[in-house]
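To start, the structure under review is shown below, and the notes come after it.
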Amino acid sequence: MLNNAIISNEKVTQSQALEWCQQFLGGIWSTISIDEMILERVPGGLSNYLYSCSLPKHIETQNSEPRKVLLRIYGEAHRQHRATLLIDSVVCTLLSERKLGPRVYGIFPDGRLEEFVEAESLLASEIRDENISRQIATVLGELHQIDMPLVKEPIWLFNTIERYVLETTSTMNKLRTNEDRQIFQEIQSMCNFTQEFEQL
407 MLNNAIISNE KVTQSQALEW CQQFLGGIWS TISIDEMILE RVPGGLSNYL YSCSLPKHIE
467 TQNSEPRKVL LRIYGEAHRQ HRATLLIDSV VCTLLSERKL GPRVYGIFPD GRLEEFVEAE
527 SLLASEIRDE NISRQIATVL GELHQIDMPL VKEPIWLFNT IERYVLETTS TMNKLRTNED
587 RQIFQEIQSM CNFTQEFEQL
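407 is the number of the first residue of the sequence shown in this note's numbering; add one for each residue after it.
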């Protein structure tokens with residue numbers, strides 16, 4: 407069953423979502439029809455498209471299989487940087503295995519299937535709360551101490567900055583209004599991005 411929130415220009419179809427669920431979850435998921443699976447858009451994805459895939463209430467699950475999963479479809483920013491996708495998948499899988507992140511049920515070229523965690527995003531006022539910020543910092547500190555099979559040099563930040571600096575030259579052509587182009591030129595006149603980056 408397709409929720410009304412899903413519109414024609416979405417990044418995933420009902421049949422694609424069901425196919426991934428059937429391939430990676432098996433069990434009762436492999437027996438349901440396209441009309442039985444409930445697909446809904448989940449708000450809040452910054453660089454990915456997020457959906458929930460769930461079983462209707464009348465269908466019983468088998469063993470410990472989930473009733474609801476998160477379907478993450480990679481956005482354009484991720485698709486352009488396949489190396490980042492690989493690292494992201496490795497990190498998520500390792501965190502999942504160590505029970506430090508949502509369980510990963512499946513990884514495929516367009517995205518992955520994950521445990522659906524029922525939670526609410528923090529409000530800006532909550533993030534500014536010292537106690538909450540301290541808790542977040544503690545958990546992040548613990549995560550950063552985990553031994554991962556990743557490059558140990560801090561190259562990601564510099565590679566990202568370099569990519570954005572190189573893209574600034576083509577950005578001007580993509581701006582649609584004269585006002586946007588004027589603002590962009592003013593910003594460029596205040597700072598030579600290439601020179602600033604070379605001095606880092």
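Glycine residues also receive a C-beta, built at the ideal position from the N, C-alpha and C atoms.
Put simply, the backbone Cα of L431 is about 40 Å away from that of E568. Judged by beta-carbon spacing, L424 lies beyond the 7 Å limit of I434, meaning their Cβ atoms are not closer than that value.
Selection L528, G547, L445 evaluated against K417 yields L445 as nearest (Cα-Cα).
One Cα belongs to C459, the other to C498, and the distance between them is close to 19 Å. If you draw a straight line from the Cα of T419 to the Cα of F603, it is about 42 Å long. Separation of Q422 and A543 (C-alpha to C-alpha, rounded to the nearest whole angstrom) is 38 Å.
DSSP places L549 within a helical segment (H, G or I) once states are collapsed to three.
The straight-line gap separating the alpha-carbon atoms of I438 and F564 is approximately 47 Å.
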